[in-house]
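J.: So that you can map any letter, position 392 of the sequence shown is 450 in the working numbering, and since no number is skipped, the others follow by simple counting.
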Amino acid sequence: QASKGIETGAILLLLVTALIVGWLPAGKLVTFGGSFVVDGFARFLKLLALAGSAAAIVMSSNYLAVEKRVTFEYSILILLSTVGMMMLISAADLIALYLGLELMSLALYVVAAIDRDSVRSTEAGLKYFVLGALSSGMLLYGASLVYGFTGTVSFAGIAKAASQGHTGAAGLGLVFGLVFLFAGFCFKISAVPFHMWTPDVYEGAPTPITAFFAAAPKVAGIAMFVRTTIVAFPGILTQWQQIVVFVAIASMGLGAFAAIGQHNIKRLMAYSSIGHMGFALVGLAAGTPEGVQGVLVYMAIYITMTLGAFACILSMRREGQMVEDIADLAGLARTKPTMAFFFAMLLFSLAGIPPLAGFFAKFYVFLAAIKGGLFALAVIGVVTSVVGAYYYLVIVKTMYFDEPAKPFEPMPHELKAVLGATGLFNLLFFVYPSPLVEAADAAAKSLF
Numbered sequence: 059q060a061s062k063g064i065e066t067g068a069i070l071l072l073l074v075t076a077l078i079v080g081w082l083p084a085g086k087l088v089t090f091g092g093s094f095v096v097d098g099f100a101r102f103l104k105l106l107a108l109a110g111s112a113a114a115i116v117m118s119s120n121y122l123a124v125e126k127r128v129t130f131e132y133s134i135l136i137l138l139s140t141v142g143m144m145m146l147i148s149a150a151d152l153i154a155l156y157l158g159l160e161l162m163s164l165a166l167y168v169v170a171a172i173d174r175d176s177v178r179s180t181e182a183g184l185k186y187f188v189l190g191a192l193s194s195g196m197l198l199y200g201a202s203l204v205y206g207f208t209g210t211v212s213f214a215g216i217a218k219a220a221s222q223g224h225t226g227a228a229g230l231g232l233v234f235g236l237v238f239l240f241a242g243f244c245f246k247i248s249a250v251p252f253h254m255w256t257p258d259v260y261e262g263a264p265t266p267i268t269a270f271f272a273a274a275p276k277v278a279g280i281a282m283f284v285r286t287t288i289v290a291f292p293g294i295l296t297q298w299q300q301i302v303v304f305v306a307i308a309s310m311g312l313g314a315f316a317a318i319g320q321h322n323i324k325r326l327m328a329y330s331s332i333g334h335m336g337f338a339l340v341g342l343a344a345g346t347p348e349g350v351q352g353v354l355v356y357m358a359i360y361i362t363m364t365l366g367a368f369a370c371i372l373s374m375r376r377e378g379q380m381v382e383d384i385a386d387l388a389g390l391a392r393t394k395p396t397m398a399f400f401f402a403m404l405l406f407s408l409a410g411i412p413p414l415a416g417f418f419a420k421f422y423v424f425l426a427a428i429k430g431g432l433f434a435l436a437v438i439g440v441v442t443s444v445v446g447a448y449y450y451l452v453i454v455k456t457m458y459f460d461e462p463a464k465p466f467e468p469m470p471h472e473l474k475a476v477l478g479a480t481g482l483f484n485l486l487f488f489v490y491p492s493p494l495v496e497a498a499d500a501a502a503k504s505l506f
């Protein structure tokens, strides 16, 4: 009972925080001597992160009760990592960035291994922790190089130093520092080449925790990526643009091709999320306000698609056991037509098929890339999108054309609510996209 109370309290706390973030006066607030900034960009992404965390707690309540894993620390750890995300999204210097990142990550390491009796969950937590510690070390090394060559940790100071035309050793040192910073960032958003942990951790962690991993922390990771590049390193745009283009192409490619042979749906979602981070980085590669706007729209739509898909995956329970195989979805359209319809639609949206929201998400980032002169990148993005559609269609084929397996247990009400909300958003986004697009536009302009 106490855990249920903490769960409800945590959700209310997240909603109240979201209201406070939404009601803050417009404009830029600077606190802690310039270490933290609250601008339109921070507000937009904070609301997304809060929504993702609240949805994760809502989606997990039934799972934890049925699996008899109700622990009061679960909600508290999610709140702790959300505090880390808030710090990360607002960080305006490298020290604040690292503080937020570690607070978020430490809570995530524990959450991944929260199911202590499961070997898979413990392995997931350990893997994530060891690789996460390595990536934090690389990020710190990069931060120390940047500090050494610019003499400051604040983003504004770094931008000033970088724009004064560092040539020779200093310029090279700065780029090296940036490369190490990017290594840490790529790990956190699971972009290639630092994606190794993602499939194993997604498969091993309990499903509601996988849903949380795939949504809110990605928002914070993208926020730190965008703010650091746009605010601290506008002076060496051509150098970091090359890195971002490489990472985006590699992530889109791996996400499209590696997922084709997967049988476990959580593993498939892991590769799918690697691909989606690649698409989001296409917008950042443009380095323009339109590009950042594209990234923000992408993240907002990505989070709804992912949470909706995981609401369906969490409903895959048969005879008291969770099943994770794609084959287990056989004939779902006959046993549970509504769930099959929403799941199929969310998968189409993830594949970027018009007129669903996922299509517009990709449309905005590709448009920004073309405006920024990155034609090849946009073309590669479209090609990987088409390849990626294949494995989503395989799931739809399984649900609609294969012989039904034993039916799943009834879907819990909270999952119905999440699925209904995210599904309708994806279905009806094209009717009235302007509020989200305009909010993202204002948020993006606050960075430049």
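Beta carbons are placed, not taken as given, at the ideal position from N, Cα and C, and that holds for glycine.
Here the structure is a predicted model, which means the values were calculated and not measured.
#1: Thinking C-beta only, is A402 closer than 8 Å to M457?
#2: Please state whether DSSP places D151 in a helix, a strand or coil.
#3: In whole angstroms, give me the CA-to-CA distance for A415 and A500.
#4: If we call anything under 8 Å between Cβ atoms a contact, is A426 one with G341?
#5: Could you please give me the residues that DSSP links to M380 through a beta bridge?
#6: On the DSSP bridge list, what partners appear for K210?
#7: Buried or exposed for W298, please, with buried defined as at least 16 other CB atoms from any protein chain shown within 10 angstroms of its CB.
#8: Going by alpha carbons, who is nearest to A109 out of L295, R392, V237, G80?
#9: Taking only runs that begin and end inside the stretch 373-450, name each unbroken alpha helix (DSSP H) of 4 or more residues, in chain order.
#10: Can you say whether E521 is buried or exposed, counting buried as having 16 or more other CB atoms within 10 angstroms of its CB?
#11: Please report how far the alpha carbon of Y156 lies from the alpha carbon of L146, in whole angstroms.
#12: Can you give me the C-alpha to C-alpha distance between L135 and A434, rounded to a whole angstrom?
#13: Quick check on the burial criterion: 16 or more other C-beta atoms within 10 angstroms. Buried or exposed for D175?
#14: So does the stretch 154-168 actually touch the stretch 114-125, counting three or more Cβ pairs closer than 8 Å?
#15: Assign Y450 to buried or exposed, taking buried as 16 or more other Cβ atoms, counted over all protein chains shown, within 10 Å of its Cβ.
#16: Report the rounded CA-to-CA distance for L486 versus G366, giving the unit in angstroms.
#17: Would you list the one or two residues that DSSP bridges to F94?
#18: Assuming D151 and S212 are in contact, meaning their beta carbons sit under 8 Å apart, how far apart are those beta carbons, in whole angstroms?
#19: Just the Cα atoms here: how many angstroms apart are G293 and T129?
#20: Go ahead and label Q59 buried or exposed: buried means 16 or more other beta carbons lie within 10 angstroms of its beta carbon, across all protein chains shown.
#21: Within this structure, are the beta carbons of P347 and F99 separated by less than 8 Å?
#22: If you draw a straight line from the C-alpha of A385 to the C-alpha of A76, how long is it?
#23: Suppose you measure from the CA of K394 to the CA of L494; what does that come to, to the nearest Å?
#24: Compare the C-alpha of L408 against each of E131, I267, F187, G481 and name the closest.
#25: Do you know whose CA, among V381, T89, S119, F94, lies nearest A68's CA?
#26: Would you be able to state if there are at least three C-beta pairs under 8 Å between the stretch 274-281 and the stretch 311-321?
#27: Once you ignore the five residues that flank H253 on each side, which residues in its own chain have a CB closer than 6 Å to its CB?
#28: Rounded to a whole number of angstroms, what is the C-alpha to C-alpha distance between A391 and F399?
#29: Please tell me whether L473 and A369 are closer than 8 Å, where the distance is taken between their beta carbons.
#30: Roughly how many angstroms separate the alpha carbons of T362 and F406, rounded to a whole number?
#31: For A274, which option in K62, K86, F94, A112 has the closest C-alpha, if you only look at C-alpha atoms?
#32: Check whether the Cβ atoms of Y356 and A419 lie closer than 8 Å to each other.
#33: Let's see if you can read the secondary structure: which residues bound the alpha helix (DSSP H) around L505?
#34: With a CB to CB cut of under 6 Å and the five nearest residues on each side skipped, what residues in its chain are close to S139?
T.: According to the data block:
#1: Start at 1 with the first residue of the sequence shown, and residue 457 comes out as number 399. Start at 1 with the first residue of the sequence shown, and residue 402 comes out as number 344. Yes; because the gap between Cβ atoms is below 8 Å, this pair is in contact.
#2: In the sequence shown, the residue the question calls residue 151 occupies position 93. Strand, per DSSP.
#3: By one-based count along the sequence shown, residue 415 stands at place 357. By one-based count along the sequence shown, residue 500 stands at place 442. Each residue's alpha carbon lies about 20 Å from the other.
#4: As a first step, residue 426 is located in the sequence shown; it is residue number 368 there, counting from the start. As a first step, residue 341 is located in the sequence shown; it is residue number 283 there, counting from the start. Their beta carbons are under 8 Å apart, which means A426 touches G341 by this criterion.
#5: Position 322 of the sequence shown, counted from the start, is the residue given in the question as residue 380. In the DSSP output, where bridge partners are listed per residue, M380 has R375.
#6: Indexing the sequence shown from 1 puts residue 210 at position 152. It is worth fixing the name first, because residue 210 is Thr in this sequence and not Lys. Looking at the DSSP assignment, T210 forms no beta bridge with any residue, so it has no partner.
#7: On the sequence shown, residue 298 is found 240 positions in, with the first residue counted as 1. Buried, by the Cβ-count rule.
#8: Within the sequence shown, residue 109 is the residue found at index 51, counting from 1. Nearest of L295, R392, V237, G80 to A109, Cα basis: G80.
#9: 390-393, 395-409, 415-429
#10: Look at the range of the chain in this structure, 59 to 506, and you will see that residue 521 is not part of it.
#11: Here residue 156 refers to the residue found at position 98 of the sequence shown. Here residue 146 refers to the residue found at position 88 of the sequence shown. Going from the Cα of Y156 to the Cα of L146 covers about 8 Å.
#12: For this step, residue 135 is matched to residue 77 along the sequence shown. For this step, residue 434 is matched to residue 376 along the sequence shown. Those two C-alpha atoms are separated by around 42 Å.
#13: For the purposes of this step, residue 175 is identified with residue 117 of the sequence shown, where counting begins at 1. Its Cβ having fewer than 16 others within 10 Å, D175 is exposed.
#14: no
#15: One-based indexing of the sequence shown puts residue 450 at position 392. With 16 or more Cβ atoms within 10 Å of its Cβ, Y450 is classed as buried.
#16: Translated into the one-based positions of the sequence shown, residue 486 becomes position 428. Translated into the one-based positions of the sequence shown, residue 366 becomes position 308. If you take the alpha carbons of L486 and G366, they lie about 14 Å apart.
#17: As a working note, residue 94 is residue 36 in the sequence shown. F94 is bridged to T89, A149.
#18: By one-based count along the sequence shown, residue 151 stands at place 93. By one-based count along the sequence shown, residue 212 stands at place 154. Rounded, the Cβ-Cβ distance is 4 Å, consistent with contact.
#19: Within the sequence shown, residue 293 is the residue found at index 235, counting from 1. Within the sequence shown, residue 129 is the residue found at index 71, counting from 1. Cα to Cα, G293 sits roughly 49 Å from T129.
#20: Mapped onto the sequence shown, residue 59 falls at position 1. That one is exposed.
#21: As a working mapping, residue 347 is identified with position 289 in the sequence shown. As a working mapping, residue 99 is identified with position 41 in the sequence shown. Their beta carbons are not under 8 Å apart, which means P347 does not touch F99 by this criterion.
#22: Here residue 385 is taken as the residue at index 327 of the sequence shown, counted from 1. Here residue 76 is taken as the residue at index 18 of the sequence shown, counted from 1. Approximately 39 Å, taken between the alpha carbons.
#23: Working through the sequence shown from its first residue, we reach residue 394 at position 336. Working through the sequence shown from its first residue, we reach residue 494 at position 436. Each residue's Cα considered, the two are about 32 Å apart.
#24: Taking the sequence shown and counting its residues from 1, the one referred to as residue 408 is at position 350. Of E131, I267, F187, G481, the residue nearest in Cα terms is G481.
#25: The residue labelled residue 68 in the question sits at position 10 within the sequence shown. Of the candidates V381, T89, S119, F94, the one whose C-alpha sits nearest the C-alpha of A68 is S119.
#26: no
#27: Sequence index remark: in the sequence shown, residue 253 carries index 195 (1-based). Hits under 6 Å: I332.
#28: Position 333 of the sequence shown, counted from the start, is the residue given in the question as residue 391. Position 341 of the sequence shown, counted from the start, is the residue given in the question as residue 399. Distance between the alpha carbons of A391 and F399: 7 Å.
#29: Along the sequence shown, read from residue 1 onward, the residue named residue 473 stands at position 415. Along the sequence shown, read from residue 1 onward, the residue named residue 369 stands at position 311. Yes. Within cutoff.
#30: In the sequence shown, counting from the first residue as 1, residue 362 sits at position 304. In the sequence shown, counting from the first residue as 1, residue 406 sits at position 348. Taking the straight line from one Cα to the other gives about 13 Å.
#31: Taking the first residue of the sequence shown as position 1, residue 274 is located at position 216. Selected option, being the one with the closest Cα: A112.
#32: Counting from one through the sequence shown, the residue named residue 356 turns up at place 298. Counting from one through the sequence shown, the residue named residue 419 turns up at place 361. In this structure, A419 lies closer than 8 Å to Y356 by Cβ.
#33: Here the question's residue 505 lines up with position 447 in the sequence shown. Premise fails: L505 is in no alpha helix (DSSP H) and is neither H nor E.
#34: Taking the sequence shown and counting its residues from 1, one reaches residue 139 at position 81. Closer than 6 Å at the Cβ level, and outside the excluded window around S139, lie M162, A165, L166.
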